[in-house]
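Reviewing the structure listed below.
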Amino acid sequence: MLNQLPLYQQAILTLAAMILFSSFALLAQNRVLAMIHVFAWQGLLVALTTTFVAYDSGAHHLYFSAALTVALKVLFIPWLLHRLVRRMGIDREMHEVGHPAMVLMTAAALVIFCYYVAQPIHQLSTSITRNTIAISMAVVVLGLLMLITRNKAVSQVIGFMSLENGLFFAAVAATNGMPMVVELGIAFDVLVAAVIFGVFFFHIRDSIDSLDVAQLNQLAEHDQ
Amino acid sequence: MLYDNFLPIMLALALAGSLGSSLVSLLADRRAWILPRLAFPLLGMAGIFSLAAGLVAMINDTTFSSQLPLGLPWLHWHLRIDPLAGFFLSLIGIGTLATSLYGPGYVREFHHGPYSLAVLGLTTGLFVVGMQSVVLADDAFAFMVAWEIMSLSSYFLVVYQHQNAANRRAAFVYLLMAQVGGLAIMLSFGVLVGFGSGISFDAMRAAPLNLTWSSIAFALGLLGFGMKAGLVPVHVWLPEAHPVAPSHISALMSGVMLKVAVYGFIRLVFDLIGTPHWGWGVALLIIASITALFGVLYALMQHDLKRLLAYHSIENIGIIFIGLGLSIIFFGTGHPLLGTLGLVAALYHTLNHMLFKSLLFLGAGAVLQGSREHDMERMGGLLARMPWTGLFFLIGCISISALPPFNGFVSEWLTFQTALQVVNLDSGVLRAVIPIAAAILALTGALAAACFVKVYGVVFLGQPRTRRVRRSREAKRGMVLAQALLASLCLLFGVLPTATVTAFNHVTQGLTGHSLSVATAHGWLWLTPISADTASYGAPLVLLGILLALGAWAIVYLFLRPRGHAKMNRGETWDCGFGPPNARMQYTASAFAMPIRRIFAPLLRLNETVERELRPGLPLEPVQLRHQLHVEDITWNWFYAPVARLLHTTARRVSRIQTGHLRHYLAYSFVTLILLLWVIT
Amino acid sequence: MNEDLNAWLLALVQTGTFVLLAPLFSGWVKRVKCWLQNRRSPSLLQPYRDLWRLFGKETLVSYTASPLFRIAPYIIAGSTLLAAAVVPLLAVNLPTAAIADVIVLAGFFALARFFLALAGMDVGTAFGGMGSSREMTLSALAEPAMLIAVFTLAMVASSTNLSTVINHTLADGMVLRPSFLFALLSLILVAMAETGRIPVDNPATHLELTMIHEAMILEYSGRHLALVEWAAQLKLMIYGVLIANIFFPWGIATHLNGSVLFIAVAAIGIKLLVLGTALALGESMLAKMRLFRVPAFLTLALTLALIGLLSHIILEVN
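Protein chains in written order, with my numbering: chain Y, 1 to 224; chain Z, 1 to 681; chain P, 1 to 318.
This is the structure:
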């Protein structure tokens, strides 16, 4: 039962629930700067979870992973996005969510679905963090949902980043982290992706004068 | 000796009373006095005997069956009364009794009208006979005949005021859906009869069905009984037909006929099929939750009083079926005691809905007759002119909003307690989905309270909005008496839930073999459905507490009185300095529901237009403002229009075989002959 | 028998304490708000003086008011008082706690709100109707969030009876449960909506078009107004005690004994002090939202409650 677990394991479960909440918060956010801040908080929560798992399991390389996460996902990438957004002048725009109630209900249904999918894994594993596999899967799926339901490119990029957060969290929870090489590779890829996205934003805006992804269909060739 | 025959004698008298009432009314065209002096008293007698017979069967746990020499010569009709049938028979009895008290005063308006009184009396009696026979039927043939009698006689009652084209259209929709529903029920029985050895319910009970076929029978039964009960999306006849019928018939239809449909469903699933699968329960839970929310949202948008009450019937049927769905889930996953709890909650809500819906419809009829208005937006301030109707209508409003200490609260509480027991289920997905359904139930309950604040506030409180309403008159004595009877029953069943649950234990014992004895294990004062630690509700103590609290304030008042501070004076309503408020400045029903209309706009089909006629040169000062609001039911567009389109295209394709050429028709016969010859070999 | 009598006596004393301390709690919240906003605060006993003054004043009722208008304050005060009798303030396992569980408690508040809304419609002014309409809409939207939070609590403690839930939490000791954390946050938001505090409704406003609760009681005066105001203060205190004692029950008396009761009084005093300060802080930092933004606020409460429920099912059950 929950009260028989040591405190830091209870903390891991609480942090998992807070990460899930931050995914919901990202889905519901209207303002770009607030989205970036929630994403930074999500990164911080994931780093904290990694630290606790490192303490619990004694896998010391996870401390480095946590530090890397803080450096990249909490500090650098949000700073990059912040600067980008301000340079493009869209920091005061409202990137509205269409039908927020529908999105919320779909998100809840998807979480339940992920729980249903993760049940066999749940029964196989013996570590304390097996409960969090469903949560991490849900974070991934909610990141994808964010990619689908948003119209503006910046929101979609943040959705993609939170998806990656979910994957990292899944790795930490399920297998006590990935091999360091894989870890560094993925982190570097994400960093490069962020930089390239920034460059592409300017190109897209130069072509079609806006970052509304729905307008990219102007590039399709069809007889009308 | 006489006691043994007590039950059959009462049953015979009950049926004879309603049959007699219908026959006697055949002479009522020229002799208007027959209706209030003969027909309605006979109907009342039928009601009393139905109630008595039902109570005896339910409380004494007796069963009586017999075979009537009616029907086809080799297929006699079987009749049986057991505790379940007894419960529903007593519901019919109470409803009929209230209607017969209310009827004489109400139908006086038809005495000098263009419509035939004979038809009214005849079809009312036949309607009651139909309902009684449905509940008493013990084989599929008798059940279907009684069901058709019930449907057809209610059609004639709905179309009674037939000179209005809208009424005829509403009645046509009703008849169409009643027939389709009857067909589905017949098919469902057909599955059971096909696998069994005969058409009596005993044979159908013993029929060995595998999961596929029992699911088919369940689905057909859900469609048929759900159509009659009013589940979304086959509910569309309800808001059309119930407002159009005379008000005492609307009370019978909404209060009693819908319960007969619930009876049919319970009989089919829990008795005839016997072993429900939990998947059915989940499907039923989803459908019922959607029904409940849909019903209350559309009810909030209505401003015709009876149409609003009809949509609330849809909502409450949804709540009843939520209880049934939970019950099926628990039975299907091997928790029979919890399943029984769900069944008891559903039965309790059935009883409650019958009481308060009849009360509300009778009150609405009194209001419509007294004020000569249909539209809530033209009423107001009726409490001063119709004090008794207002008082009993208030009790009905409090009961339907599920507020303690009245009866609506007890059944909702029991439903929530059933939903809370999901912790005992193994499946985590169910443990997540059921609380969400319970949250939808909570939302519906709160929206229903909002709706009835609107109804009572706009109709009875405030100031009259039109001149006609200012001259309304209180209803006749019989009408008020009927409402008083139902209102006191509402309070009674709210304050004595333990006695009611004890009576239901007989019903569930006979149906499923389990009873909820733990609920009353701590005495008549406490209702403890699971255990005293889990949840308990001391209903009489709640009433006592409210009375004590009122008493405490009375003491405070007595303390203040001698000091001369307890005077109360009358003054003008505060007007914020703009001048005296008139009746047009009050909130209207549409205005009250506006926030909810805006928030839930995606679920409704709104057609709102505001026309401003402006003063030339002054863009902000309109000369005239016209606001029009139409709320259409979205199921017509989303469900029925595609079905109709599909039928059209299919029919068009099939009609291609009708080419008009004689040779082709001869060729059809020729090809069929060749095929048959080949099949024979 | 002696034990029983003692228990009932204590229940009576507890209800009396509730009723007597409710204005003090409101006074404390007002004092902290004034401190935060750099204003001079009225005395802590000012709400008592206000109530005493109102009871002594003449009661003026409109010509168009019906008997319901005059009876409603008594029913509102009565059902809120009954709710106060049920909530454990000082001790658990009292006999009055068995009368009602959390759902019945919600039913009591719903009864009070029903009659308040009817009273608002009774006088036939636009303000009353507006207040009633808004109040019923917002309370309807807050219900699902409250119910899911209650469900989460009930699933953890396997009961909806308040005494059992508190006993369960006490027996568990200091446990960090994500479900409780999210249920707590959700219930705080719902409590702010139900008791009519900023950001949902401003209890100190004098602009009629911004009122929700005040608009319904605009016509009341004298002892009627005193009863309604007292009921509102009592409701705020009940919600505060519920949140304090369900989620942080340490210090509550589990058996009837002089020293234990003394500790209970001190414990609830400290908890209410802290809660009042937090409420005042929240009210000073947030701005009142317009009516059509409150559904977003309540959707946030619903999301929090849902996450609490899901985290219980997914994370806490083995």
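Just so it is clear, CB atoms sit at the ideal spot from N, CA and C, and this is done for glycine as well.
Item: Asn30 (chain Y) and Met94 (chain Y) closer than 7 angstroms at C-beta; Value: yes
Item: Close-in-space but distant-in-sequence residues of the same chain around Ser62 (chain P) (CB under 7 angstroms, 5 per side omitted); Value: Val123 and Glu219
Item: Proximity below 7 angstroms, CB of Ser25 (chain Z) to CB of Val129 (chain Z); Value: no
Item: Reference Asp82 (chain Z), options Z:Ile59, Z:Ile94, Z:Pro69 and Z:Gly428, closest by Cα; Value: Z:Ile59
Item: Local conformation of Met1 (chain Z) per DSSP, three classes; Value: Per-residue confidence for Met1 (chain Z) stands at a pLDDT of 43, beneath the threshold of 50, marking its modelled position as unreliable; the derived number appears in the next sentence. If DSSP states are grouped into helix, strand and coil, Met1 (chain Z) belongs with coil.
Item: Short Cβ contact (7 angstroms threshold) for Leu192 (chain Z) with Met204 (chain Z); Value: yes
Item: Pair within 7 angstroms by beta-carbon distance, Gln483 (chain Z) and Phe600 (chain Z); Value: no
Item: Paired residues, beta bridge with Ser65 (chain Z) - DSSP; Value: Z:Arg80
Item: Local Cβ density within 10 Å of Pro114 (chain Z), reported as buried at 16 or more and exposed below that; Value: exposed
Item: Sequence-distant residues of the same chain with beta carbon closer than 6 angstroms to Met1 (chain Z), five excluded per side; Value: Confidence is the limiting factor: at Met1 (chain Z) the pLDDT is only 43, short of 50, which leaves the residue's position unreliable, though a coordinate-based value still follows. Cβ neighbours of Met1 (chain Z) beyond the five flanking positions: none.
Item: Proximity test, Cβ basis, 7 angstroms: Leu461 (chain Z) and chain P; Value: yes
Item: Contacts that Leu550 (chain Z) makes with chain P (C-beta to C-beta distance below 8 angstroms); Value: Tyr74, Ile75 and Gly78
Item: Test item: CB-CB of Phe460 (chain Z) and Leu382 (chain Z) under 7 angstroms; Value: yes
Item: Outcome for Arg431 (chain Z) when other beta-carbon atoms lying within 10 angstroms are tallied against a minimum of 16; Value: buried
Item: Exposed unless 16 or more other CB atoms sit within 10 angstroms - verdict on Gln9 (chain Y); Value: buried
Item: Three-state class that DSSP yields for Asp375 (chain Z) in the structure shown; Value: strand
Item: Interface partners of Val123 (chain P) on chain Z, CB under 7 angstroms; Value: Thr573
Item: Residue-chain proximity (Thr164 (chain P), chain Z), Cβ-Cβ < 7 angstroms; Value: yes
Item: Three or more C-beta pairs below 8 angstroms linking the region 500 to 509 of chain Z and the region 415 to 426 of chain Z; Value: no
Item: Segment contact flag, the region 214 to 229 of chain Z with the region 333 to 340 of chain Z, C-beta cutoff 8 angstroms, min 3 pairs; Value: no
Item: C-beta neighbour in chain P for Thr650 (chain Z), strict 7 angstroms; Value: no
Item: Members of the region 361 to 374 of chain Z that neighbour chain Y once the beta carbon cut-off is set at 8 angstroms; Value: none
Item: Alpha helix (DSSP H) runs contained entirely in the region 573 to 651 of chain Z, provided each spans 4 or more residues; Value: 589 to 592 and 594 to 599
Item: For Arg473 (chain Z), three-class secondary structure by DSSP; Value: coil
Item: Proximity below 7 angstroms, CB of Pro540 (chain Z) to CB of Gln417 (chain Z); Value: no
Item: Neighbouring residues, chain P, relative to Phe24 (chain Y) (Cβ below 8 angstroms); Value: Thr303 and Ile307
Item: Which of helix, strand or coil DSSP assigns to Ser50 (chain Z); Value: helix
Item: Opening and closing residue of the beta strand (DSSP E) in which Leu60 (chain P) lies; Value: Thr59 to Ser62
Item: Between the CA atoms of Pro104 (chain Z) and Ala384 (chain Z) - distance to the nearest angstrom; Value: 24 angstroms
Item: Residue range of the unbroken beta strand (DSSP E) whose run includes Gly571 (chain Z); Value: Met568 to Gly571
Item: Any C-beta of chain Z under 7 angstroms from that of Leu27 (chain Y); Value: no
Item: Neighbour list for Ile314 (chain P) in chain Y, Cβ cutoff strictly below 7 angstroms; Value: Tyr115, Asn131, Ala134 and Ile135
Item: Gln463 (chain Z), enclosing alpha helix (DSSP H) - first and last residue; Value: Element bounds for Gln463 (chain Z): n/a, residue is neither H nor E.
Item: CA-to-CA distance, Phe69 (chain P) to Val86 (chain P), given in whole angstroms; Value: 27 angstroms
Item: Chain-ordered residues of the region 419 to 441 of chain Z with a beta carbon less than 8 angstroms from chain Y; Value: Gly428, Val429, Ala432, Val433 and Ile436
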